[in-house]
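Residue numbering for the sequence shown is 23 to 243, as defined by the numbering used here.
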Amino acid sequence: MRTHQKNIAIVLSGCGVYDGSEIHEAVLTLLHIEMAGATYQCFAPDINQHHVVNHLTGEETTEQRNVLVEAARIARGNIKPLSELNATDFDAIILPGGFGAAKNLSDFAFKGASFRVQTDTLSAIKAFASAGKPVGLICIAPAMAGRIFADGVTATIGNDEAAASAMAETGVDHQVCAVEEIVVDEANRLVSTPAYMLGQSISEVSSGISKLVTKVIAMTA
Numbered sequence: 023m024r025t026h027q028k029n030i031a032i033v034l035s036g037c038g039v040y041d042g043s044e045i046h047e048a049v050l051t052l053l054h055i056e057m058a059g060a061t062y063q064c065f066a067p068d069i070n071q072h073h074v075v076n077h078l079t080g081e082e083t084t085e086q087r088n089v090l091v092e093a094a095r096i097a098r099g100n101i102k103p104l105s106e107l108n109a110t111d112f113d114a115i116i117l118p119g120g121f122g123a124a125k126n127l128s129d130f131a132f133k134g135a136s137f138r139v140q141t142d143t144l145s146a147i148k149a150f151a152s153a154g155k156p157v158g159l160i161c162i163a164p165a166m167a168g169r170i171f172a173d174g175v176t177a178t179i180g181n182d183e184a185a186a187s188a189m190a191e192t193g194v195d196h197q198v199c200a201v202e203e204i205v206v207d208e209a210n211r212l213v214s215t216p217a218y219m220l221g222q223s224i225s226e227v228s229s230g231i232s233k234l235v236t237k238v239i240a241m242t243a
């Protein structure tokens, strides 16, 4: 009997750790999905970034950039507007981190516990959650868990006390987690890992993301 090849939706938030998707995390996610024998399609909201940061100096610039256009750099152009994502076409959804998850996909970076999730992003993830399909959240992306799932959802961003406290205010049961490990909420079918919230090297980050991808795919069975 032929095995169904799993297809994973990936949501990107731009291109670059300070104002978009963390590039290492995004690429490692795609790599580990492919190495696991699954396929993926990248999506991003067709909106302007909150701001643009010069990644050499760390300073904010006066430029304006589009999240979808910038995320297309990571996806090598093979990307679709997030508004076109249909959960019925995919087995699971994964969001890499980077400040774009907290600035473009949500405003957690600015509002903490009173944050909101961007409309297309919230609709997309909730569609997977409602269908009982696995969700993977990486780095700072798990900060959104309280807006997606019911009170008591379990997730991790590592050991950052301020972020964990804000998450707790939104109903998240935050679990401290090492960079190479994952936290699994079986009831909500949610997997999270700290990645560069803790990681000091790309190899450390790769280990946790590999485990997250493996678990997410296993949960689709």
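Yeah, the Cβ is synthetic: ideal placement off N, Cα and C, and Gly gets one too.
Counting along the chain, where does the alpha helix (DSSP H) carrying residue i start and finish?
i	result
A114	No alpha helix (DSSP H) contains A114, which is instead part of the beta strand (DSSP E) from 114–117.
V89	89–96
T236	224–240
D207	Premise fails: D207 lies in the beta strand (DSSP E), 205–207, not in any alpha helix (DSSP H).
S136	Looking at the DSSP string, S136 is not in any alpha helix (DSSP H), and its letter there is neither H nor E.
G168	167–170
E183	183–191
Spell out the partners DSSP gives residue i in its beta bridges.
i	result
A177	H196
Y62	I30
L212	V157, D207
N70	N88
E81	DSSP, once it has assigned bridges, lists no residue as partnering E81.
For residue i, does the three-state DSSP call read helix, strand or coil?
i	result
S43	coil
D129	coil
I30	strand
T17	No answer is possible for residue 17: the residues shown for the chain start at 23 and end at 243.
E56	helix
P103	strand
V75	strand
A243	coil
I244	Outside the displayed range of the chain (23 to 243) lies residue 244, so it cannot be described from this structure.
V49	helix
G122	helix
L220	coil
M23	Confidence at M23 is low in this model, with a pLDDT of 47, below 50, so its placement is unreliable and no value can be given for it.
Which whole-angstrom value describes the C-beta separation of residue i and residue j, a residue pair presumed to lie in contact below a C-beta threshold of 8 Å?
i	j	result
K28	D113	5 Å
V201	S214	Rounded, the Cβ-Cβ distance is 12 Å, inconsistent with contact.
V231	I160	Here the sequence assigns Ile to residue 231, which means Val is not the residue at that position. The Cβ separation is near 6 Å, so the contact holds.
A58	I224	Incorrect: roughly 19 Å between the Cβ atoms, too far for contact.
F121	Y40	5 Å
T192	A135	6 Å
L50	V227	7 Å
P118	M241	The Cβ separation is near 18 Å, so there is no contact.
Would you verify that the beta carbon of residue i is, or is not, closer than 9 Å to some beta carbon of chain B?
i	result
A184	Within the model displayed, chain B is absent; a lone protein chain is all it includes.
Name the two residues that bound the continuous beta strand (DSSP E) containing residue i.
i	result
G38	Run containing G38: none; DSSP gives neither H nor E here.
Does the beta carbon of residue i fall short of 8 Å from some heavy atom of the ligand MG?
i	result
L159	As far as ligands go, the structure on display features none, and thus does not contain the ligand MG.
Quick check: the stretch 163–178 against the stretch 207–222, are there 3 or more CB pairs under 8 Å? yes
I want to know whether the stretch 215–232 touches the stretch 179–193 - three or more CB-CB distances under 8 Å. yes
Report yes or no: do three or more beta-carbon pairs, one from the stretch 95–109 and one from the stretch 43–59, lie closer than 8 Å? yes
Tell me whether the stretch 81–91 and the stretch 30–43 touch, counting them as touching only if at least three CB pairs, one residue from each stretch, are closer than 8 Å. yes
Under 8 Å: do the stretch 139–156 and the stretch 183–197 share three or more Cβ pairs, one atom per stretch? no
I want to know whether the stretch 71–79 touches the stretch 99–110 - three or more CB-CB distances under 8 Å. no
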